[in-house]
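*Asks:*
In my numbering, the protein residues as written are 19 to 97.
In structure tokens:
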């Protein structure tokens, strides 16, 4: 049971990292400062995708936290 939970934790960790990397940043960074934001309107992702990725991030983060607590509980109570 503990091994399965650890495998799930690794999978959730990889998924969480992937989803976070797919999200667009809050600012355009240095390119927005130099060009005055002209590139933002051309390369902007749809708001639906950003909203979906934000919701998926929250769900995966909650599952990650719950799995971590479960592993900690199982580890302390099986000794």
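All C-beta atoms in this analysis are idealised placements derived from N, C-alpha and C, irrespective of residue type, glycine included.
Apart from the five residues just before and just after residue 27, which ones in its own chain have a Cβ nearer than 8 angstroms to its Cβ?
*Replies:* Mapped onto the chain shown, residue 27 falls at position 9. Closer than 8 angstroms at Cβ, skipping near neighbours: 82, 85, 86 and 89.
*Asks:* Answer with yes or no whether the minimum CB distance from residue 38 to chain B is below 9 angstroms.
*Replies:* Any reference to chain B falls outside this structure, which holds one protein chain only.
*Asks:* For residue 31, which residues in the same chain have their Cβ closer than 8 angstroms to its Cβ, ignoring the five residues on either side in sequence?
*Replies:* Here residue 31 refers to the residue found at position 13 of the chain shown. Result list for residue 31: 82, in chain order.
*Asks:* Going by CA-CA distance only, name the one from 74, 21 and 23 that's closest to residue 40.
*Replies:* By 1-based counting over the chain shown, the position of residue 40 is 22. Out of 74, 21 and 23, 74 has the C-alpha closest to the C-alpha of residue 40.
*Asks:* From residue 95 to residue 20, what distance separates their C-alpha atoms?
*Replies:* Counting from one through the chain shown, the residue named residue 95 turns up at place 77. Counting from one through the chain shown, the residue named residue 20 turns up at place 2. Each residue's Cα considered, the two are about 11 angstroms apart.
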